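Novice:
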Amino acid sequence: MKLYYDFHIHSGLSPCGDNEMTPNNIVNMAKLYDLDVIALTDHNSTLNCRAVMEAGKEIGLTVIPGMELCTSEEVHLVCLFSDLKSSEKFGNYIRSTLPPIRNKPTVFGDQLVFDKDDNVLGFEHTLLITASTVSTNDAVAVVESYGGICFPAHIDRNSYSIISNLGIIDDSFGFKLAEVFDLDTLENLKSQHPHLNNLKILSSSDAHYLEHLRLKENFIEAEENSIEAIFNFLKSPC
4 MKLYYDFHIH SGLSPCGDNE MTPNNIVNMA KLYDLDVIAL TDHNSTLNCR AVMEAGKEIG
64 LTVIPGMELC TSEEVHLVCL FSDLKSSEKF GNYIRSTLPP IRNKPTVFGD QLVFDKDDNV
124 LGFEHTLLIT ASTVSTNDAV AVVESYGGIC FPAHIDRNSY SIISNLGIID DSFGFKLAEV
184 FDLDTLENLK SQHPHLNNLK ILSSSDAHYL EHLRLKENFI EAEENSIEAI FNFLKSPC
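Following our numbering from start to finish, the sequence shown increments by one per residue and tops out at 241.
Set out below in structure tokens:
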């Protein structure tokens, strides 16, 4: 079956995310846009995955717990997990790899932790937009050890992408997928980086504001609308 998706969405936990990116606002906007499945991928944290998954369940929207990991080379990777418990364990690990820099809300923005009813439970005080100590070379193995999958984010952008920061993408990293923000850039990217022909390509919004969620445009084929079936598709050969 076709599943329309957006696998790269931030909540108000990400300091650059709008405070209106609450669990219910996110899932209801996704429903309004006729999406079947979304992933919550805040910067270096999974603290809001539980609330967004619970809000999604109430309206029949599949929500994959995830994170946008910033590696030691400041490459952004989308990390997706098959269950909440694994994502939270990974989130705790990544928090331990971040430098002890305190967030300054007036400079970087709030880092809000919500419950499923959009109530603010508290704030994450460690700044989440810094680089972890996890390297891009090690990321696939580290994420897989927590039962997840990861892939380079927005490879067509000029900052925080594997191509802009490292200049290459090849099989040495172990990625099976990659994300582009704009699919119109893909053919040119493939001509410059032929290894992309060996990867499954996804395109998501990287939404930090509600209106930036991806409309019903891109879909995957899965046996059913479940995280297990979606993971089976994402892990299958190109």
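Glycine included, C-beta positions come from ideal geometry on N, C-alpha and C. All values reported here derive from a predicted model rather than from experimental measurement.
Buried or exposed for residue 24, please, with buried defined as at least 16 other CB atoms from any protein chain shown within 10 angstroms of its CB.
Specialist: The residue labelled residue 24 in the question sits at position 21 within the sequence shown. With 16 or more other Cβ atoms within 10 Å, it is buried.
Novice: Taking residue 149 as the reference, give the member of 91, 194, 182 with the closest Cα.
Specialist: Counting from 1 along the sequence shown, the entry for residue 149 is found at position 146. Ranking the options by Cα distance to residue 149, first place goes to 91.
Novice: Of the residues 16, 80, 59, which one's Cα is nearest the Cα of residue 163?
Specialist: Counting from one through the sequence shown, the residue named residue 163 turns up at place 160. For residue 163, the nearest C-alpha among the options comes from 80.
Novice: If you draw a straight line from the alpha carbon of residue 5 to that of residue 233, how long is it in whole angstroms?
Specialist: Translated into positions along the sequence shown, residue 5 becomes position 2. Translated into positions along the sequence shown, residue 233 becomes position 230. Looking at the two C-alpha atoms, the distance is approximately 11 Å.
Novice: Count the CB pairs spanning the segment 7-24 and the segment 106-118 that are closer than 8 Å, and state whether there are at least three.
Specialist: Short answer: they touch.
Novice: How big is the Cα-Cα spacing for residue 206 and residue 214?
Specialist: Here residue 206 is taken as the residue at index 203 of the sequence shown, counted from 1. Here residue 214 is taken as the residue at index 211 of the sequence shown, counted from 1. In a straight line, the C-alpha of residue 206 is about 17 Å away from that of residue 214.
Novice: Would you mind reading off the limits of the alpha helix (DSSP H) that contains residue 108?
Specialist: The residue you call residue 108 lines up with position 105 of the sequence shown. 108-111 is the span of the alpha helix (DSSP H), which, as asked, contains residue 108.
Novice: For residue 178, does the three-state DSSP call read helix, strand or coil?
Specialist: Translated into positions along the sequence shown, residue 178 becomes position 175. It is coil, neither helix nor strand.
Novice: Using the rule of at least 16 other Cβ atoms within 10 Å of the residue's Cβ for burial, across every protein chain shown, is residue 33 buried or exposed?
Specialist: As a position in the sequence shown, residue 33 is number 30, starting the count at 1. Counting Cβ neighbours within 10 Å, residue 33 comes out buried, since at least 16 surround it.
Novice: By the three-class DSSP mapping on this structure, what secondary structure does residue 211 have?
Specialist: As a working mapping, residue 211 is identified with position 208 in the sequence shown. Residue state, collapsed to three classes: coil.
Novice: Just to confirm my understanding: we take residue 50, look at its own chain, exclude 5 residues before and 5 after, and list those with CB closer than 7 Å. What are they?
Specialist: The residue you call residue 50 lines up with position 47 of the sequence shown. So the qualifying residues of the chain are 16, 94, 116, 127.
Novice: Is it the case that the segment 142-156 contacts the segment 57-77, given that we only count it when at least three CB pairs across the two stretches are under 8 Å?
Specialist: Judged by Cβ distances under 8 Å, the segment 57-77 makes contact with the segment 142-156, as three or more pairs qualify.
Novice: Do residue 181 and residue 199 count as a contact pair if the criterion is CB distance below 9 Å?
Specialist: Locating residue 199 in the sequence shown gives position 196, counting from the first residue. Locating residue 181 in the sequence shown gives position 178, counting from the first residue. Yes, Cβ-Cβ distance for residue 199 and residue 181 is below 9 Å.
Novice: Using only the alpha-carbon positions, how far apart do residue 194 and residue 188 sit?
Specialist: As a first step, residue 194 must be located in the sequence shown, where it is residue number 191. As a first step, residue 188 must be located in the sequence shown, where it is residue number 185. Near 10 Å, if we compare the C-alpha coordinates of residue 188 and residue 194.
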